[in-house]
Amino acid sequence: MKYWSWFAAKLAAAAAVLALLYWGMSVWIPETADARFFGEYYDHPRYIHDLPWAFALIFFGLTALGLLWLAIWDQRRRCRTCLRRLIMPVEMGSWAQLLEEGPPRIEYICPYGHGTLQVPEVQASVSAPEKWRENEDIWTELSK
């Protein structure tokens, strides 16, 4: 639950940044006379007749997509338990041992030992999905 709450918080922060950006765009980019005329009499949206506003909306959309991509990219490389970034990428397997061990993959490890994330080395449409594997509590194993 903490994992998805953190993701929701990142999306809320991105939405706040985008709201501020949109407010700044509407304040700093004045409406042209043509856009005002066509908007009042023909009920056209502003971006049809106002080139600076159209470019600002394109920039706004690209920024929104970039922030969403960054939030998803960051979330995929975090521990599902403690939310710390996964570290120590270790390459497992090789193409020479494809039939014995499967395709090569990269494993990322939680710094506190909560689990590992297995990511396929080749990012193709038919590659296996990323797998999160919880590690058992190592301290109970050591205290036996």
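In terms of our numbering, the sequence shown has 58 at position 41, counting the first letter as 1, and numbering is strictly consecutive.
Glycine included, each C-beta is placed from N, C-alpha and C at the ideal position.
The three-state reading of DSSP puts LEU74 in helix, counting H, G and I together. Membership of GLY41 in any beta strand (DSSP E) is not indicated; the residue belongs instead to the alpha helix (DSSP H) covering 19-45. Taking GLN135 as the centre and dropping the five residues before and after it, the same chain places the C-beta of ARG122, GLU124 and LYS148 closer than 6 Å to its C-beta, in chain order. Beta-bridge annotation (DSSP): LEU134 is paired with TYR125 and TRP149.
Partner residues in the beta bridge of GLU108, as assigned by DSSP, are ILE123. The Cβ-Cβ distance between ILE104 and PRO69 does not fall below 8 Å. Cβ-Cβ separation between ARG150 and CYS127: approximately 10 Å, too far for a contact (criterion under 8 Å).
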